[in-house]
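Under UniProt numbering, the first residue of the sequence shown carries the number 1, and numbering increases by one thereafter.
For glycine and all other residues, C-beta sits at the position ideal for the given N, C-alpha and C.
Each remark here refers to the structure printed beneath this line.
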Amino acid sequence: MTEALAHAKGDGPAIAHAPVVPREVREQAHLTQAQMAPLMGMSLSRYRKWEQGQRRISGPAASLLRLIQREPEAVRRALLL
């Protein structure tokens, strides 16, 4: 929101973030839904709703998905899973 307001005032460029697709991230990391849910800090049923499109992904969750996409082992180590 801050970025959008700054852009509207002419104070900076708009930053467009590419959408993150949880299923693609999970499959790229070679994880099951049951393995992915704890990495995201959520229940398996809630995670499944993301993949089914029944729940929307928040900004912080999208950032964590991008991190998992790039460095899945680092996230596992950081979360001690």
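Cβ neighbour criterion (16 or more within 10 Å) applied to residue i
| i | result |
| --- | --- |
| P22 | buried |
| residue 83 | Coverage of the chain is limited to positions 1 through 81, which leaves residue 83 absent and any answer about it impossible. |
| L79 | exposed |
| A37 | buried |
| S72 | Residue 72 is actually Pro in this sequence, not Ser. With 16 or more Cβ atoms within 10 Å of its Cβ, P72 is classed as buried. |
| R26 | buried |
| A29 | buried |
Opening and closing residue of the alpha helix (DSSP H) in which residue i lies
| i | result |
| --- | --- |
| Q33 | 33-40 |
| S43 | Per DSSP, S43 belongs to no alpha helix (DSSP H) and is neither H nor E. |
| L64 | 59-70 |
| Q28 | 22-28 |
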